[in-house]
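Data first, discussion second: the structure below is written as structure tokens.
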Amino acid sequence: FFSFHAAEQTAKTFFRMIFRRDGDCNSNETTPFYQSIESSNAGTFENESPLAAAMTGHAAGDVLSTQLAVAIDASQLNSSEPVEDPFEIHEKLDTVPLTAIIFYSVSGGAFGVEETVRSAGSFYTLLGFLVMPFVWSVQEALMTAELGSTFPEPSGCVAWVQEAFGDRMGFMAGYLSWVAGATDNAIYPVLFCEYLLQGLRIEDEIGFPTKFLLFTIISCGLAYTNWLGLPLVGKMSMSICFLAISPFILLSIIGAFKVDSSRWFVAPSNNMDDDGGSSQTGLFSLTTLRAISWRPYMNNLFWNLNSFDNAATFSADVEEPGRALPLALGWSVLMVMLCYFVPLLVALGASDAKQDDWVDGYFSVVATEVVGPWLGGWLIFASGISNIGLFQAEL
-10 FFSFHAAEQT AKTFFRMIFR RDGDCNSNET TPFYQSIESS NAGTFENESP LAAAMTGHAA
50 GDVLSTQLAV AIDASQLNSS EPVEDPFEIH EKLDTVPLTA IIFYSVSGGA FGVEETVRSA
110 GSFYTLLGFL VMPFVWSVQE ALMTAELGST FPEPSGCVAW VQEAFGDRMG FMAGYLSWVA
170 GATDNAIYPV LFCEYLLQGL RIEDEIGFPT KFLLFTIISC GLAYTNWLGL PLVGKMSMSI
230 CFLAISPFIL LSIIGAFKVD SSRWFVAPSN NMDDDGGSSQ TGLFSLTTLR AISWRPYMNN
290 LFWNLNSFDN AATFSADVEE PGRALPLALG WSVLMVMLCY FVPLLVALGA SDAKQDDWVD
350 GYFSVVATEV VGPWLGGWLI FASGISNIGL FQAEL
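Positions -10 to 384 (the numbering used here) are the ones given, in order, by the sequence shown.
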């Protein structure tokens, strides 16, 4: 189902690439593809081939032949009137729904950050989520705002690559984006079902055929909802965003009174003494830096703070791309930064958990310890529902 939808989007991008004129739609200049069609059509009408005569003479009363004759009329190709894009979406997005969609294209909440803590400890986790947004996310958002406003097309970065390197590279960029999207998006319905079945405590009672049927129904339902239009997806993203972020907001507010700031300045665990205190070396010493598992640390930071360039695919779906897109990107960057850094700041300061305890899903354990079981359950529910927002934004 994901591959079918992604193939549809790639086909739209491919046809835009072929039939798009170079420059403004009102320009009389045409692409080589148009020139070849115009030349062949002009020759056909001048020489009046037998096939053309049959179409214009014998089948004059035939509706189908009349439609074909109109379809190949060369005057239509030479017309200076703008050609309407059959894939254009007439209902546009507002800034707030666009911000929510971009937020879910990148993050969706402080889910999946446990690997960073496990790889580098408290101090370097906080330092990474404080510095990395300025090193990478802000730059990516600025690039997307500029190029997305210059090329307001649903193909997003494909239009940039095509303009810079030609049609072949543009097609390759579209194909690779399709592969990446189809591969990445396939996991979200499965994760949602896993969270749902775990919450209902019936995961072990359901066999694979039933699970597969459940995955299929959810995937079809979400794909159909996405097909109904971006305004609906934007409203869904805002609602899901509120549900997904709310437990982290409560954790940050309630847990702030239990924070011990000394827990923020802890070196990686394999540079720790048996009593849990930091060793004689400092936080920035070579010994401490060697203790960090750099590959998973940097990979997790990049994964959580990347993909602002996906926002360019929505540039054609807003009224004023030059104003709305940079504004939505700015708010989404701020949301992503705060939604990672603030909950981590409170969770690492209020919990006495060791570095090795931070496995996937450990945020719910911290919420249970710091606030109560009700918040831990709410966070698990938010984790599941957030996958729907991620699926819709990616699709």
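Yeah, the Cβ is synthetic: ideal placement off N, Cα and C, and Gly gets one too.
Apply the 10 Å Cβ neighbour rule to residue i and answer buried if 16 or more other Cβ atoms are within range, or exposed otherwise.
{"i": "Thr199", "result": "exposed"}
{"i": "Cys209", "result": "exposed"}
{"i": "Glu194", "result": "exposed"}
{"i": "Pro39", "result": "Below a pLDDT of 50, predicted positions are generally treated as unreliable, and Pro39, at 41, falls in that range; no measurement from the model is reported."}
{"i": "Ser108", "result": "buried"}
{"i": "Ser250", "result": "exposed"}
{"i": "Ala280", "result": "buried"}
{"i": "Leu364", "result": "buried"}
{"i": "Thr205", "result": "exposed"}
{"i": "Pro257", "result": "buried"}
{"i": "Val120", "result": "exposed"}
{"i": "Trp347", "result": "buried"}
{"i": "Leu217", "result": "exposed"}
{"i": "Leu379", "result": "buried"}
Counting only the same chain and skipping the five closest in sequence on each side, list residues whose C-beta sits under 7 Å from that of residue i.
{"i": "Ile377", "result": "Phe181, Leu211 and Ile229"}
{"i": "Ala148", "result": "Phe140 and Glu142"}
{"i": "Ser126", "result": "Leu294, Phe297, Val322 and Val325"}
{"i": "Phe92", "result": "Cys230, Ser321, Met324 and Val325"}
{"i": "Ser340", "result": "Val355, Glu358 and Val359"}
{"i": "Trp253", "result": "Ser111, Phe112, Leu115, Leu337 and Gly338"}
{"i": "Pro285", "result": "Glu104 and Ser108"}
{"i": "Val179", "result": "Phe204"}
Using a threshold of 8 Å, state whether the C-beta atoms of residue i and residue j are closer than that.
{"i": "Val335", "j": "Val255", "result": "no"}
{"i": "Pro220", "j": "Pro86", "result": "yes"}
{"i": "Leu272", "j": "Phe112", "result": "yes"}
{"i": "Leu240", "j": "Ala356", "result": "yes"}
{"i": "Ala371", "j": "Ala233", "result": "yes"}
{"i": "Ser96", "j": "Glu383", "result": "no"}
Looking at the secondary structure, which residues open and close the alpha helix (DSSP H) in which residue i lies?
{"i": "Phe118", "result": "Glu103 to Met121"}
{"i": "Glu383", "result": "Pro362 to Glu383"}
{"i": "Pro310", "result": "Pro310 to Ala339"}
{"i": "Pro143", "result": "Here Pro143 belongs to no alpha helix (DSSP H), and DSSP marks it neither H nor E."}
{"i": "Glu358", "result": "Tyr351 to Val359"}
{"i": "Arg157", "result": "Asp156 to Asn174"}
{"i": "Trp216", "result": "Phe197 to Trp216"}
{"i": "Pro220", "result": "Leu219 to Gly244"}
{"i": "Ile91", "result": "Thr84 to Val95"}
{"i": "Asn289", "result": "Trp283 to Leu294"}
{"i": "Ala99", "result": "Neither: Ala99 is in no alpha helix (DSSP H) and is coded neither H nor E."}
{"i": "Thr280", "result": "The question names Thr, but residue 280 in the sequence shown is Ala. Residues Leu275 to Ala280."}
What is the rounded straight-line gap between the Cα of residue i and the Cα of residue j?
{"i": "Val360", "j": "Val354", "result": "10 Å"}
{"i": "Tyr177", "j": "Val150", "result": "29 Å"}
{"i": "Lys81", "j": "Ala313", "result": "11 Å"}
{"i": "Arg190", "j": "Leu203", "result": "16 Å"}
{"i": "Phe303", "j": "Gly145", "result": "8 Å"}
{"i": "Ala169", "j": "Gly366", "result": "32 Å"}
{"i": "Phe118", "j": "Leu185", "result": "30 Å"}
{"i": "Ala317", "j": "Tyr329", "result": "18 Å"}
{"i": "Asp173", "j": "Thr276", "result": "37 Å"}
{"i": "Gly110", "j": "Gly98", "result": "20 Å"}
{"i": "Gly159", "j": "Ile374", "result": "35 Å"}
{"i": "Trp167", "j": "Phe154", "result": "19 Å"}
{"i": "Ile90", "j": "Ile242", "result": "26 Å"}
{"i": "Gly196", "j": "Ile207", "result": "17 Å"}
{"i": "Glu152", "j": "Glu192", "result": "50 Å"}
{"i": "Gly319", "j": "Val307", "result": "16 Å"}
{"i": "Glu35", "j": "Met161", "result": "Confidence at Glu35 is low in this model, with a pLDDT of 44, below 50, so its placement is unreliable and no value can be given for it."}
{"i": "Glu135", "j": "Met287", "result": "27 Å"}
{"i": "Glu183", "j": "Phe201", "result": "12 Å"}
Only counting the same chain, and skipping five residues up and downstream in sequence, which positions put a Cβ closer than 8 Å to that of residue i?
{"i": "Thr114", "result": "Val102, Thr105, Val106, Leu333 and Leu337"}
{"i": "Thr214", "result": "Leu221, Val222, Met225 and Gln381"}
{"i": "Asp298", "result": "Glu129, Met132, Thr133, Gly145 and Cys146"}
{"i": "Trp292", "result": "Gly101"}
{"i": "Asp345", "result": "Arg107 and Ser258"}
{"i": "Ser385", "result": "In the structure displayed, the chain extends from -10 to 384; residue 385 sits before or after that span and is not available."}
{"i": "Val331", "result": "Phe237 and Ser241"}
{"i": "Met227", "result": "Val85, Pro86 and Ala89"}
Leaving out five residues before and five after residue i in sequence, what residues of the same chain have Cβ atoms less than 6 Å from its Cβ?
{"i": "Ile369", "result": "Ser353"}
{"i": "Met326", "result": "Pro122"}
{"i": "Asp349", "result": "Glu103"}
{"i": "Asn289", "result": "Glu104 and Thr105"}
{"i": "Gly137", "result": "Ala301, Ser304 and Leu314"}
{"i": "Thr84", "result": "Ala313, Leu316 and Ala317"}
{"i": "Asp283", "result": "According to the sequence displayed, residue 283 carries Trp and not Asp. Same-chain partners within the cutoff: there are none."}
{"i": "Tyr351", "result": "Glu103"}
{"i": "Thr88", "result": "Ala317, Trp320 and Ser321"}
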